[in-house]
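In the numbering used here, the protein residues as written are 137 to 491.
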């Protein structure tokens, strides 16, 4: 299954021109600065924008094809907005049932109880909407969208209006959704931590144009893209749990570049995971330097070096088949002779496990 999006929308002063193919599974993050066209892209896919010309197809099911347009209510999609669009006169169960009444072919339908369990909202079913927190409302809105039996789920910055605590509560439910369902999700966000935790694919927009599209792990470490230059810059690395150290409460994850110790995770050996390693958590040393207290050390080769200001550089590193990033001072670069092709040792202070 694939999602083919090839259209343009001229708003008179702003031209949105999209020509890309997205995976028919998992989360595809859509990112870019404000005003780049992210929300407009979702609205065009949903059929909510007049004047869109081109093709929008889910496999052979075309919702827009030249002069043929399928109206929004006939498109098998769910839409979760920044602010949960729920009916205040209905309780949670009534809102979920509304989603179920809208659904398409029953052979693909998710069971009511399964959605309630997936999103952890069983205790909310009798509650009124105005008595819910922001995060609870978004979970109910997501449940309503899922029960409509969509072929495609659109999510427009669903955590933008939530505080940090509510975001951290909602994120694990989205991760459960990513693991449990085969429904493709187009997910608009500014937050790199959401991209790293949820998405396998990324689409980057700038002024209505696609500037990059590809696997999240590839795009996050490209030095020609803005994500590699901020405070949250880093890599997402696939690996597998191989063993646990119950005494020190650590787990060992193996990736193509070596073994990394992480805070203990409750997963069986062999379980596939993703690791997030921020550039600010990596320093470099000469190969074989065993001094210091840093537990995780992997051999790397310098792939590229770019200036990052008057006193710093960004270094792109190859570790096995994966790419890592680090920021170091210009002085450290000179003293360690860090140039493309140099073999170094990466000292990794912190690793986050993304289940």
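Virtual Cβ for every residue (Gly too), placed ideally from N, Cα, C.
Are there 16 or more other CB atoms within 10 angstroms of the CB of residue i, so buried, or fewer, so exposed?
{"i": "residue 255", "result": "buried"}
{"i": "residue 154", "result": "buried"}
{"i": "residue 163", "result": "buried"}
{"i": "residue 208", "result": "exposed"}
{"i": "residue 445", "result": "exposed"}
{"i": "residue 303", "result": "buried"}
{"i": "residue 272", "result": "buried"}
{"i": "residue 221", "result": "exposed"}
{"i": "residue 214", "result": "buried"}
{"i": "residue 287", "result": "buried"}
{"i": "residue 243", "result": "For residue 243, the predicted model reports a pLDDT of 42, less than 50, meaning its position is unreliable; a value from the coordinates is still stated below. Exposed."}
{"i": "residue 471", "result": "exposed"}
{"i": "residue 247", "result": "exposed"}
{"i": "residue 480", "result": "buried"}
{"i": "residue 308", "result": "exposed"}
{"i": "residue 320", "result": "buried"}
{"i": "residue 406", "result": "exposed"}
{"i": "residue 385", "result": "exposed"}
{"i": "residue 200", "result": "buried"}
{"i": "residue 149", "result": "exposed"}
{"i": "residue 333", "result": "buried"}
{"i": "residue 318", "result": "exposed"}
{"i": "residue 171", "result": "exposed"}
{"i": "residue 241", "result": "Note that residue 241 scores a pLDDT of 48, beneath 50, so its modelled location is shaky; the value from the coordinates is reported in the next line. Counting Cβ neighbours within 10 Å, residue 241 comes out exposed, since fewer than 16 surround it."}
Mind checking which residues open and close the beta strand (DSSP E) that includes residue i?
{"i": "residue 432", "result": "432-443"}
{"i": "residue 479", "result": "479-484"}
{"i": "residue 177", "result": "Run containing residue 177: none in the beta strand (DSSP E); it sits in the alpha helix (DSSP H), 174-182."}
{"i": "residue 194", "result": "189-194"}
{"i": "residue 140", "result": "138-146"}
{"i": "residue 449", "result": "448-455"}
{"i": "residue 408", "result": "408-414"}
{"i": "residue 317", "result": "Segment: none, residue 317 is in no beta strand (DSSP E) and carries neither H nor E."}
{"i": "residue 164", "result": "163-167"}
{"i": "residue 170", "result": "Note, residue 170: premise wrong, no beta strand (DSSP E); not H, not E."}
{"i": "residue 201", "result": "197-201"}
{"i": "residue 488", "result": "488-490"}
{"i": "residue 421", "result": "418-421"}
Below 8 Å CB to CB, which residues in the same chain sit around residue i once its five sequence neighbours on both sides are set aside?
{"i": "residue 348", "result": "338, 339, 340, 355, 358 and 361"}
{"i": "residue 223", "result": "230, 231, 234 and 265"}
{"i": "residue 476", "result": "438, 439, 440 and 441"}
{"i": "residue 198", "result": "191, 192, 204 and 206"}
{"i": "residue 216", "result": "274, 277, 278, 281, 289, 290, 291, 292 and 294"}
Can you tell which of the options has the C-alpha that lies nearest to the C-alpha of residue i?
{"i": "residue 182", "options": "259, 289, 169 and 202", "result": "289"}
{"i": "residue 494", "options": "316, 446, 421 and 225", "result": "Outside the shown range of the chain (137 to 491) lies residue 494, about which nothing can therefore be said."}
{"i": "residue 211", "options": "285, 292 and 189", "result": "285"}
{"i": "residue 413", "options": "251, 175, 143 and 487", "result": "487"}
{"i": "residue 219", "options": "225, 293, 177 and 252", "result": "293"}
{"i": "residue 301", "options": "270, 192 and 197", "result": "270"}
{"i": "residue 417", "options": "424, 451, 426 and 388", "result": "451"}
{"i": "residue 203", "options": "403, 217, 252 and 143", "result": "143"}
{"i": "residue 350", "options": "387, 156, 177 and 403", "result": "156"}
{"i": "residue 253", "options": "267, 281 and 312", "result": "312"}
{"i": "residue 365", "options": "403, 463 and 469", "result": "463"}
{"i": "residue 370", "options": "174, 415, 433 and 261", "result": "415"}
{"i": "residue 491", "options": "145, 148 and 373", "result": "373"}
{"i": "residue 395", "options": "189, 433 and 282", "result": "433"}
{"i": "residue 428", "options": "408, 382 and 485", "result": "485"}
{"i": "residue 330", "options": "405, 400, 474 and 368", "result": "368"}
{"i": "residue 316", "options": "400, 260 and 250", "result": "250"}
{"i": "residue 186", "options": "174, 171 and 146", "result": "146"}
{"i": "residue 179", "options": "323, 474 and 404", "result": "323"}
{"i": "residue 236", "options": "283, 259, 460 and 400", "result": "283"}
{"i": "residue 454", "options": "478, 467 and 387", "result": "478"}
{"i": "residue 225", "options": "325, 188 and 267", "result": "267"}
Got a sec? Which residues, its chain only, sit under 7 Å from residue i by beta carbon, not counting five neighbours each side?
{"i": "residue 392", "result": "456, 457 and 458"}
{"i": "residue 257", "result": "228, 275, 276 and 279"}
{"i": "residue 184", "result": "208"}
{"i": "residue 390", "result": "375, 376 and 378"}
{"i": "residue 465", "result": "447 and 448"}
{"i": "residue 151", "result": "144 and 344"}
Give every residue of the same chain whose Cβ lies closer than 6 Å to the Cβ of residue i, excluding the five residues on either side of it in the sequence, and list them in chain order.
{"i": "residue 137", "result": "160 and 195"}
{"i": "residue 335", "result": "163, 165 and 352"}
{"i": "residue 431", "result": "397"}
{"i": "residue 140", "result": "157 and 193"}
{"i": "residue 469", "result": "449"}
{"i": "residue 419", "result": "483"}
{"i": "residue 261", "result": "228 and 229"}
{"i": "residue 176", "result": "152"}
{"i": "residue 296", "result": "218"}
What residue range is occupied by the uninterrupted alpha helix (DSSP H) comprising residue i?
{"i": "residue 472", "result": "466-472"}
{"i": "residue 158", "result": "It is not in any alpha helix (DSSP H) - residue 158 instead sits in the beta strand (DSSP E) that spans 151-159."}
Taking only runs that begin and end inside the stretch 322-398, name each unbroken alpha helix (DSSP H) of 4 or more residues, in chain order.
328-334 and 352-355
Any chance you could list the alpha helix (DSSP H) runs of at least 4 consecutive residues sitting entirely within the stretch 206-253, in chain order?
228-237
Taking only runs that begin and end inside the stretch 247-312, name each unbroken alpha helix (DSSP H) of 4 or more residues, in chain order.
248-255 and 270-283
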